[in-house]
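Position one of the sequence shown corresponds to residue 1 (our numbering), numbered consecutively onward.
C-beta: ideal position from N, C-alpha, C; glycine also.
All figures in this text were calculated on a predicted structure; none of them were measured in a lab.
What follows is a short report on a single structure.
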Amino acid sequence: MADVARKVGVSTQTVSRYFTGVGYVGAETRALIAAAIEELGYRPNQSARNLRARRSNAVGVLTMGPLNYGSSGVLTGLSEAARKVGYTLLIAQLDLDFEADGWRGEVRRALEHFLSIPADGILVSTPVQGTDQIVAELDAGIPVLTVSERPHSPEASATTHSFEAARTATEHLIALGHKKILHAAGPANRNEAFERERGYRAAVDEAGLPALVAAGAPDWTAVSGFLAASAADPREFTAVFAANDEIALGFMNAMTARGLHAPEDYSIVGVDDMPSAAYFPPPLTTMRLDFRAVGADAFRMLHERITGAGAVAQDAMEPELIVRDSTAAP
Numbered sequence: 001m002a003d004v005a006r007k008v009g010v011s012t013q014t015v016s017r018y019f020t021g022v023g024y025v026g027a028e029t030r031a032l033i034a035a036a037i038e039e040l041g042y043r044p045n046q047s048a049r050n051l052r053a054r055r056s057n058a059v060g061v062l063t064m065g066p067l068n069y070g071s072s073g074v075l076t077g078l079s080e081a082a083r084k085v086g087y088t089l090l091i092a093q094l095d096l097d098f099e100a101d102g103w104r105g106e107v108r109r110a111l112e113h114f115l116s117i118p119a120d121g122i123l124v125s126t127p128v129q130g131t132d133q134i135v136a137e138l139d140a141g142i143p144v145l146t147v148s149e150r151p152h153s154p155e156a157s158a159t160t161h162s163f164e165a166a167r168t169a170t171e172h173l174i175a176l177g178h179k180k181i182l183h184a185a186g187p188a189n190r191n192e193a194f195e196r197e198r199g200y201r202a203a204v205d206e207a208g209l210p211a212l213v214a215a216g217a218p219d220w221t222a223v224s225g226f227l228a229a230s231a232a233d234p235r236e237f238t239a240v241f242a243a244n245d246e247i248a249l250g251f252m253n254a255m256t257a258r259g260l261h262a263p264e265d266y267s268i269v270g271v272d273d274m275p276s277a278a279y280f281p282p283p284l285t286t287m288r289l290d291f292r293a294v295g296a297d298a299f300r301m302l303h304e305r306i307t308g309a310g311a312v313a314q315d316a317m318e319p320e321l322i323v324r325d326s327t328a329a330p
């Protein structure tokens with residue numbers, strides 16, 4: 001700043017007022033300062049400014065598991081919301097074996113790293129069962145918010161509503177007249193999979209129908225759906241509720257290989273409404289979840305806590321049934 005001030009022939013206080021916007025700087029002087037900054041290649045020291053303001057304008061984001069349509073949508077929403085208020089996201093993505101020992105230590109190290117920077121707040125996407133407990137035990141001293149289907153506490157959490165998505169999808173199949181509905185479940189250690197199976201069971205129990213669950217999915221990909229369909233007996237169901245669209249795609253592919261097609265031989269519903277779902281053969285009936293909106297909403301809630309504005313404790317994005325050609329009466 002002293003170099004800029006000497007170049008222009010003004011005080012360093014005048015240059016400081018130019019940057020902070022506090023106090024008057026004439027238009028001609030502002031133009032001279034801007035030209036000097038450009039010529040000298042001056043860049044404000046953000047770390048020093050943050051120390052003075054006691055704020056980093058950065059938020060730590062911890063996301064768990066491989067990136068897929070849902071998690072990338074949440075990150076996109078977070079990024080868009082952060083840019084609007086001049087914040088930077090510090091992102092750690094842990095794609096670990098969550099069945100093995102040691103992953104909890106990796107989560108704690110990532111969270112401690114955010115605290116050491118220090119970030120103004122932390123947002124944790126917690127699809128893996130047990131992560132919420134780690135967050136609850138964290139002595140952060142800064143606002144922490146979770147994106148979780150099963151939050152440890154209703155305070156400071158944002159989510160989609162997987163339970164309602166599953167129940168609505170299953171009720172759609174029941175309303176069409178299906179009485180034998182198979183659930184192609186997601187991976188057992190994921191909160192979303194737990195909630196979607198719970199919603200499915202609630203719907204079939206209320207209708208007095210049997211619960212038929214194809215469990216054991218290794219992940220959220222089409223491979224899981226293909227394996228579930230390959231092991232299923234088509235005589236035991238007339239409809240399928242798949243835990244997500246990719247699982248539905250794999251299920252349909254395996255059924256086609258067996259000479260069976262939706263909706264003539266069975267109906268199928270997914271969850272997510274990923275962009276390609278409308279172009280599956282046939283176009284897939286699915287539950288639309290607005291993951292971008294979840295990300296944007298989560299950042300807004302966290303930012304309100306950072307700045308001291310009033311904030312709601314919990315928010316959930318409600319799903320929407322999108323009916324396409326993959327469902328029909330049995």
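- Annotation: Q13 to R305 spans about 33 angstroms, alpha carbon to alpha carbon.
- By the CB criterion at 8 angstroms, G225 and A278 fall outside the cutoff.
- Ranked by how close their Cα comes to the Cα of E39, the residues E28, T20, G26 and V8 have V8 in first place.
- Each of D132, M64 and A262 was checked against the Cα of L96, and the nearest Cα belongs to M64.
- Boundaries of the beta strand (DSSP E) around S157: S157 to T160.
- R201 places its beta carbon 8 angstroms or farther from that of A188.
- Spatial neighbours of A193 in its own chain (CB-CB distance under 7 angstroms, excluding positions within 5 residues in sequence) are listed in chain order as A185, G186, P187 and A243.
- Counted as a single uninterrupted DSSP element, the beta strand (DSSP E) harbouring A58 occupies residues A58 to M64.
- Pairwise C-beta distances place the segment 283 to 302 in contact with the segment 311 to 321, as three or more of them are shorter than 8 angstroms.
- Within its own chain, the residues whose Cβ lies closer than 6 angstroms to the Cβ of S157, once the five positions on either side in sequence are excluded, are T146, S148, P151 and Q314, listed in chain order.
- Assigned with DSSP and collapsed to three states, L284 falls in coil, not helix or strand.
- Within 10 angstroms of the beta-carbon of S56 lie 16 or more other beta-carbons, which makes it buried.
- It is roughly 17 angstroms from the alpha-carbon of M255 to the alpha-carbon of A215.
- A straight-line Cα-Cα distance of about 8 angstroms links P66 and L94.
- Note on geometry: alpha-carbon atoms of G130 and G105 lie some 12 angstroms from one another.
- Under the criterion of beta carbons closer than 8 angstroms, D120 and V74 do not qualify as touching, at roughly 19 angstroms.
- Here V269 is bridged, per DSSP, to F241 and T285.
- Look at the beta carbons and you see the segment 219 to 239 not touching the segment 162 to 169: under three pairs across the two are nearer than 8 angstroms.
- Scanning the segment 196 to 260 from its first residue to its last, the whole alpha helix (DSSP H) runs of 4-plus residues come out as 222 to 231 and 245 to 257.
- Around the CB of I117, fewer than 16 other CB atoms lie within 10 Å, so the residue is classed as exposed.
- Less than 8 angstroms divides the Cβ of L289 from the Cβ of T160.
- Excluding five sequence positions before and after L249, the CB atoms of its chain that fall closer than 7 angstroms to its own CB belong to A222, G225 and F280, given in chain order.
- In the three-state reduction of the DSSP assignment, D315 falls in the strand class, which pools E and B.
- Within the same chain, and ignoring the five residues on either side of V85 in sequence, the residues whose Cβ sits closer than 7 angstroms to its Cβ are H303.
- Here R190 is buried: its Cβ has 16 or more other Cβ atoms, across all protein chains shown, within 10 Å.
- Boundaries of the alpha helix (DSSP H) around T20: T12 to T20.
- The residue from L209, A262 and I122 with its alpha-carbon nearest to that of G141 is I122.
- Taking A2 as the centre and dropping the five residues before and after it, the same chain places the C-beta of T12 closer than 7 angstroms to its C-beta, in chain order.
- Approximately 7 angstroms separates the beta-carbon atoms of S326 and P283; this is inside 8 angstroms, confirming the contact.
- D139 is classed as exposed because its beta carbon has fewer than 16 other beta carbons within 10 Å across all chains shown.
- With 16 or more neighbouring CB atoms inside 10 Å of its own CB, S71 falls in the buried class.
- The shortest C-alpha to C-alpha distance from L209 to any of A175, A31 and N68 is the one to A175.
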